[in-house]
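Colleague: Quick one: the structure is below, and I'll ask about it shortly.
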Ligand SMILES: Cc1cc2nc3c(=O)[nH]c(=O)nc-3n(C[C@H](O)[C@H](O)[C@H](O)COP(=O)(O)OP(=O)(O)OC[C@H]3O[C@@H](n4cnc5c(N)ncnc54)[C@H](O)[C@@H]3O)c2cc1C
Ligand code: FES
Ligand code: FES
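Protein chains in written order, with this note's numbering: chain A, 2 to 275; chain B, 26 to 186.
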């Protein structure tokens, strides 16, 4: 087995490293923090691969390069204006220093139930673009993540981009994270919502995704269905909140009890009341 | 074991070429081999900001960076922000406003604030608080640090502090 740290500048240089078993590293904020700075013996850094950068719009789809840092995504007008739920999640991820290093691709592959970009990306029905020596494929993010820290990445494959179809400007996009303190707080519960409405304010389509209440991000189809055809009024939101509490199955851990998570998860929706 | 490589980069405006193992932490290279001890190790895991440096103008955590990543980059440590004779406005303001107590967090705080001022010449207090929110200080209670950064921003714009 090979050893060393390599920063290839083209995908053609990356593939042989992956074939030889290199560990992929983007910003290192999960990989190295977990190991307190100790590098794996054989590392392939993605940071110099130009094709993994850029935020662009093509044929109505927004493409976010996997190696874009959270800071750079926050600076992108396309992200701020068209994907405000994602922008607000990025703005509370870690600290400015963590956002300067951590990447979107890294957040996805880490697949933490508390990963802040994940709930908005689930609510936006995002797709991941995967690249390997054989070419590219695209699959829904929700199918890509299969458990805590578990993703459907084949050997020799990397996440190259995230693809999102941005909702109309009239849709409501919301993200909220409840943590234990302001900076560097891992979420206790997070909620992302993308809600489309008719001009009269009647919901036509609602997508709700919650973080930190299950092994992966959780969508709440029952609550989403209950919202459709109604207005975002307090009574409705209370009923939908109750349904969310029933649909999720959070666990107790160091940061919060399951009962508290259930409570908060239902209440978060009330912020959507006009 | 991985074999040594030669990394070449700019460090506080001087060109550096050094033979070392590529998987070491940048923090250890700076402190151990290059004798630059401003960047401190607090947590070693991204939570305290004491090890911050500027890489191509962006504040980064040197405890979570590997030496190989430095190739061709421009690195500035707190030592490179200013000198004793010509301190950076931020360093001057930290001294004047009593923003330094034990000093452990100070290099990281100055790096985070230097990055902020390079981006935003007239930050408000909320922006300053946000910019230093990844830098922990055990001693000052942050108020004096925010005062100092506000004063440094004023000084950089040519106002009296
Ligand atoms: C102090 C601190 C606070 C944090 N706070 C938060 C927080 O509030 N919210 C939050 O969500 N996260 C938080 N994190 C976690 C982390 O910053 C994010 O998950 C970040 O987005 C990870 O990105 P990275 O590029 O640093 O990943 P890396 O550490 O480089 O990689 C993480 C994993 O993903 C793999 N990988 C990375 N990129 C790719 C790719 N393109 N293709 C295939 N595999 C890839 C790596 O092999 C590794 O297994 C925090 C981390 C620290 C150190
Ligand atoms: S030592 Fe690097 S963040 Fe604490
Ligand atoms: S002055 Fe002591 S940690 Fe900040």
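By construction, the Cβ of each residue, glycine as well, lies at the ideal position given by its N, Cα and C atoms.
Pull up the distance between the alpha-carbon of residue 153/B and that of residue 160/B, whole angstroms please.
Modeller: 12 Å
Colleague: Along chain B, in chain order, which residues have C-beta atoms closer than 7 Å to that of residue 90/A?
Modeller: The premise fails here: residue 90/A is roughly 16 Å from chain B at the closest Cβ pair, so nothing lies under 7 Å.
Colleague: What residues in its chain sit with their C-beta under 6 Å from that of residue 142/A, if we drop five residues either side in the sequence?
Modeller: 122, 127 and 129
Colleague: Among 180/B, 103/B, 29/B and 39/B, which residue has its Cα nearest to the Cα of residue 118/B?
Modeller: 180/B
Colleague: Tell me the residue span of the beta strand (DSSP E) that contains residue 179/A.
Modeller: 173-179
Colleague: What residue range does the beta strand (DSSP E) around residue 84/B cover?
Modeller: 83-86
Colleague: May I have a chain-ordered list of the alpha helix (DSSP H) segments no shorter than 4 residues that lie completely inside the stretch 128-170 of chain A?
Modeller: 142-145
Colleague: Within the same chain, show all residues whose beta-carbon is closer than 6 Å to that of residue 228/A, passing over the 5 residues directly before and after it, in chain order.
Modeller: 204, 207 and 241
Colleague: Here's the rule: buried if 16 or more other CB atoms are within 10 angstroms of the residue's CB, otherwise exposed. What is residue 127/B?
Modeller: exposed
Colleague: Would you identify the three-state DSSP class for residue 261/A, choosing helix, strand or coil?
Modeller: helix
Colleague: Over the uninterrupted beta strand (DSSP E) stretch that includes residue 210/A, give me the two end residues.
Modeller: Membership of residue 210/A in the beta strand (DSSP E) is indicated by the continuous run 204-212.
Colleague: Less than 7 Å between C-beta atoms, sequence neighbours within five positions excluded: which residues of the same chain meet that for residue 83/A?
Modeller: 63 and 167
Colleague: Taking the beta strand (DSSP E) that residue 92/A falls in, what are its first and last residues?
Modeller: Counting along the chain, residue 92/A falls outside any beta strand (DSSP E), though it belongs to the alpha helix (DSSP H) covering 85-92.
Colleague: Cβ of residue 197/A versus every heavy atom of ligand 3: is any distance shorter than 7 Å?
Modeller: The answer is no for residue 197/A.
Colleague: Kindly examine ligand 1 and report whether one of its heavy atoms sits closer than 7 Å to the Cβ of residue 72/B.
Modeller: yes
Colleague: Using DSSP with H/G/I as helix, E/B as strand and the rest coil, what is residue 41/B?
Modeller: strand
Colleague: On the CB-based measure, 16 or more other CB atoms within 10 Å of its CB, does residue 122/B come out buried or exposed?
Modeller: Around the beta carbon of residue 122/B, a 10 Å sphere encloses 16 or more other beta carbons of the protein chains shown; the residue is thus reported as buried.
Colleague: Buried or exposed for residue 174/A, going by 16 or more other Cβ atoms inside 10 Å?
Modeller: buried
Colleague: Throw me the rounded Cβ distance for the residue 224/A and residue 199/A pair, which I believe falls under 8 Å.
Modeller: At roughly 20 Å, the Cβ-Cβ gap does not stay under 8 Å, so residue 224/A and residue 199/A are not in contact.
Colleague: Strictly under 8 Å for the Cβ-Cβ distance: is residue 96/A near chain B by that measure?
Modeller: yes
Colleague: Identify whether residue 147/B lies in helix, strand or coil by the three-state DSSP scheme.
Modeller: coil
Colleague: Going by C-alpha distance, which of 85/A, 222/A and 47/A is nearest residue 11/A?
Modeller: 47/A
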